[in-house]
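In this note's numbering, the protein residues as written are -12 to 512.
From the three backbone atoms N, C-alpha and C, an ideal C-beta is built for every residue, glycine too.
Read the structure below first, then the notes.
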Ligand code: G4P
C-alpha cells in the first residue's frame, strides 16, 4: 500500500457547535496542548466577531484573515492532526456543511446550560448523512447547567446518536470539582485557572477510598452511584461503533479553563479514524491507492483588491500530491500544475512539495475551479457527497448597468462556483433568482460584483418559502406537475428541475397531491 505510514498518521477533523458554545476556545486549547501555538488568543482574534453581524465588510475581512486558520495542523503523539476551521456565523453555515465533506471525524461542542441548539442539530444531521464519527464535548462545566443525564438524553434524542460518557463530572458550576475518567480510571480536580491544569490522579477503580479524600465522601458517593447508573444505562464503549458513527463518546469539561481538554485530545489521537475511503460516482477510492486524487471543497476569494486570486482548498483523497506535477482537472479535461501549493499550519502558511491523504492544500486559482471539482492523474472521477442545501432566502437579481451585462454574468457565475449562493432561472419568466441560507450573502454578492467585477446588480423581492429539487420515476406525473406549477418551476445551474414553493402550505399540498414525486432538500440525491 502506498504512503501507508504517512496516511495512518493523519487525523483530519472539524470542531462544530452552535455559536458561543465554545468552539473557538476549544480549538485554541487543543492547539495549545498540541504545542502548535504558544499564546492564548491566536485563534480567537481571527474569529468573526459577533458585534460585526450587520457589517458584512468587516466579516469578509475577518474571513479573509481566517484563511490562515482554515486548516490548523500540528503534530501530537506521532500523529499529524488537521483541524479544519468552520465559520461560526450562521449565515455561512453552507461553508461549514461543505467543510464537513473534507473531514474524517468531528468533535461537537455543547454548552452545558443551553444543551443541543439549532445549529448543532443541523450540523449533526450532515455528519449523519456522511456517517462521520462524532465525539461530544460538554463545555462550560464551571457554570450551572443541565443535569448530565438529562443532557445525554437530549443529545441522543436530538442528535440521533447513541452516547457513552467516557468522563463523568463531579458537580457543576460553583460546586464543580472535576471529572472522573471512567475509561482510564483517574480523577482530575478542577481549578478556575486559565494557565494551569492540575495533573490527573490514577486509581485502580472508582471504589478507591483515595477518591473520598480528594472530593469528600458525599461527592464520592454520588460519583459512584452515577457511574453505576452510567454502566447500566449506556452501552459499553466500543471503538468500532464509534467508527461506524453509531456511538458518540462524551467528555465533560471547561475549555476556558483548559479542563477536560487533555482527556478528549488523548482519546481522539487514540481512536479517531485516519483518512477513510472517499465516494465518487464511479467507484470508492481508497487513500492507499498509488494515484493521486482530490477534490475542491471550499474556495476563498481574496478580498485584497491588489491580489484578486482565489484559493481553492483541496482535500487529498488518495496517492501523493506533488508540487509542479501535471494533474487532470476532470471537469475541464485540462492539465494543470501548481507551483505554489500551500499547506496551513497554525500561525503560518507554507509552500509544500508533497501532501498525503487527509491533508488539505490551498491552490491559487484564477477562476478554474468550482466546488466539487476533482483533480486526478487522469481518471475521470466525480466525488459525491458535496451537497448544496435548499436555500431559504430569495431575491430576483437584475442588471443595474446595461453596459456591464457581461461583467455581471461572469461575476455571478464565479460567485456561484465559489458557493456563495445558488442561482435559479424561473422557467416562466426567465428571471434569475438568487437563493441563500443567510441574509448577509446578498450584501456580499452586491459588494463583490461591484469591487471585483465592476458590475452593478439590483435586487427585487420575491415571496418564496423554499426551493427544492424534484425528481420522479413517474414521468407522466412529473410532466403533469411541471405543467400545473409552471409559474413556480425553475432550473438550477446544472439544468435540474427546481420547485419554488411560495408557502409551507403550497409545499405540503404539492407533496400530498403528487406522491410519486420526491422533493429533495439537498442537491445530493
Ligand atoms: P464559539 O466559537 O462556539 O462561538 O464560542 P467561543 O469559543 O468564542 O466562546 C463563546 C464565549 O464562551 C466566550 O466568551 C468564551 O470565553 C466563553 N467560554 C468558552 N468556553 C467556556 C467555558 O468553559 N466556561 C466559561 N465560563 N465560558 C466559556 P465571550 O465573553 O463571549 O468572549 P470573550 O470576550 O471571552 O472572547
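Is any heavy atom in the ligand G4P found nearer than 8 Å to the beta carbon of residue 130? yes
Identify every run of the beta strand (DSSP E) within the stretch 86 to 159, keeping only runs that are complete inside it and at least 3 residues long; order them along the chain. 92 to 98, 121 to 126, 149 to 152, 154 to 157
Can you tell me whether residue 409 is buried or exposed? The criterion is at least 16 other CB atoms within 10 Å of its CB, across all chains shown. buried
Using the three-state DSSP reduction, which class does residue 66 fall into: helix, strand or coil? strand
C-alpha distance - residue 388 paired with residue 435, whole-angstrom precision: 15 Å
Using the Cα positions of residue 104 and residue -7, report the straight-line distance between them to the nearest angstrom. 37 Å
Three-state secondary structure assigned by DSSP to residue 183: coil
Where does residue 500 fall in DSSP's three states? helix
Close beta carbons around residue 263, own chain, < 7 Å, minus the five adjacent residues each side: 91
Whose C-alpha, out of 203, 344, 397, is nearest the C-alpha of residue 522? This structure cannot speak to residue 522, because the chain is shown only from -12 to 512.
Three or more C-beta pairs under 8 Å: does that hold for the stretch 149 to 161 against the stretch 264 to 282? no
Identify, in the order they occur along the chain, each residue of the same chain with its Cβ nearer than 6 Å to the Cβ of residue 469, setting aside the five sequence neighbours on each side. 476
Burial state of residue 1 (16 or more Cβ within 10 Å): buried
Taking contact to mean 3 or more Cβ pairs, one atom from each stretch, closer than 8 Å, check whether the stretch 371 to 380 and the stretch 391 to 402 are in contact. no
What does the alpha-carbon distance come out to for the pair residue 186 and residue 252? 15 Å
Determine, using beta-carbon pairs with one atom in the stretch 183 to 198 and one in the stretch 78 to 94, whether at least three such pairs fall under 8 Å. no
Would you say residue 77 touches the ligand G4P, meaning its beta carbon is less than 8 Å from a heavy atom? no
May I have the straight-line CA-CA distance separating residue 493 from residue 80, to the nearest angstrom? 26 Å
For residue 502, I'd like the list of residues in its chain whose CB is within less than 8 Å of its CB, leaving aside the five on either flank, ordered along the chain. none
With DSSP as the reference, label residue 417 as helix, strand or coil. coil
Give the range of the alpha helix (DSSP H) segment to which residue 214 is assigned. 204 to 220
Roughly how many angstroms lie between the CA atoms of residue 301 and residue 350, to the nearest whole one? 7 Å
Using 8 Å for Cβ pairs, my map puts residue -9 next to residue 275. What's the rounded Cβ distance? 6 Å
Please list the terminal residues of the continuous alpha helix (DSSP H) segment that includes residue 169. Premise fails: residue 169 is in no alpha helix (DSSP H) and is neither H nor E.
Given that a residue counts as buried once 16 or more other Cβ atoms are within 10 Å of its Cβ, and exposed if not, what is residue 41? Here the model assigns residue 41 a pLDDT of 47, short of 50, so the residue's position is not dependable and the matter cannot be decided.
Inter-residue spacing [alpha-carbon to alpha-carbon] between residue 206 and residue 173: 15 Å
Distance, Cα to Cα, residue 39 vs residue 462? Residue placement at residue 39 cannot be trusted, given a pLDDT of 40 that sits under 50; the coordinates are not used to answer.
Residue 254: CB within 8 Å of a non-hydrogen atom of the ligand G4P: no
Nearest to residue 238 (by Cα), restricted to the options 368, 95, 18: 95
Cβ neighbour criterion (16 or more within 10 Å) applied to residue 428: buried
CA nearest to the CA of residue 296, picked from 354, 323, 226, 244: 354
Are the stretch 379 to 388 and the stretch 123 to 131 touching, with three or more C-beta to C-beta distances below 8 Å? no
Through-space distance from residue 483 to residue 107, alpha-carbon basis: 30 Å
Which ranges does the alpha helix (DSSP H) cover as unbroken runs of at least 4 residues, wholly within the stretch 368 to 441, from first to last along the chain? 392 to 404, 427 to 440
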